[in-house]
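Counting from 1, position 108 in the sequence shown corresponds to residue 108 in the UniProt record's numbering; the numbering is continuous, with no gaps. Glycine residues also receive a C-beta, built at the ideal position from the N, C-alpha and C atoms. Single-structure report; data block below.
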Amino acid sequence: MTPDTVGPFSRPIPAERTLRAGQPVVVEANAEEREALARDFGLVAIHRLVGQFRLSGSLHRLQVTGTIEAAVTQTCVVTLEPFDTVVTEAVDVDFADRDAFAGTAAEDAEIPDPIVNGRIDLGSLAGEFLALGLDPYPRKDGVAFEPPAEGAPETALSGLGALKGGAP
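Below, the structure written as structure tokens:
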């Protein structure tokens, strides 16, 4: 997420004070934020989203490690029924002040996320890692896709093969 955009779950924290304190930082999405994220990610619901982070390094080059955990309701791609699941993702992201990488070309090195006005947004980071941890083709436990058996009755899409010049 770019520093100029703020998503529905934003928790900008002062990097220097947090780094100096040395304590873990916990961010948790409230009901309104979870509802907005669920809409953005095409989920039935997000019941809980918590990020636990630790900062290390310096203000010029900062590392954020930790985990996000979410309880979500997704729609099964096979049965189209909602089901609950837990998403857990490890977080390991580098941040740097804008001046530290201002002249670096993207193809030269992996550019860290920016520290903007002395702050990093741990809410946005939690939302990004939730999105990365979601299964793009979620299935309920025990459900598998079964292709139609040979000689199965025709369906609404069966005639498409004939339209394309194939066998009915």
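- Within the region 51–100, complete alpha helix (DSSP H) segments of at least 4 residues are not found at all.
- By the criterion of a C-beta distance shorter than 8 angstroms, ALA144 is surrounded in its chain by VAL78, once the five residues flanking it on both sides are discounted.
- A check of alpha carbon separations from GLU35 across GLY57, VAL25, GLU28 and ILE46 identifies ILE46 as the nearest.
- Nearest C-alpha to PRO114 among ARG17, HIS60, GLN74 and PRO8: HIS60.
- Take ALA131, set aside five residues on each side of it, and the residues of its chain with a beta-carbon closer than 7 angstroms to its own are PHE41, in chain order.
- For VAL26, DSSP records a beta bridge to GLN52.
- Take ARG119, set aside five residues on each side of it, and the residues of its chain with a beta-carbon closer than 7 angstroms to its own are PRO12, ILE13, PRO14 and ALA15, in chain order.
- Taking ILE68 as reference, the option from ALA96, PRO136 and GLY127 with the minimal CA-CA separation is GLY127.
- One Cα belongs to LEU19, the other to PRO82, and the distance between them is close to 41 angstroms.
- In the three-state reduction of the DSSP assignment, ALA144 falls in the coil class, being assigned neither a helical nor a strand state.
- Our two residues, VAL87 and SER58, have alpha carbons roughly 30 angstroms apart in a direct line.
- Residue nearest to THR65 within the set ASN30, GLU32, ALA31 and GLY51 is GLY51 (criterion: CA-CA distance).
- Around the beta carbon of ALA96, 16 or more other beta carbons sit within 10 angstroms, so the residue counts as buried.
- For ASP40, the secondary structure class from DSSP, reduced to helix, strand or coil, is helix.
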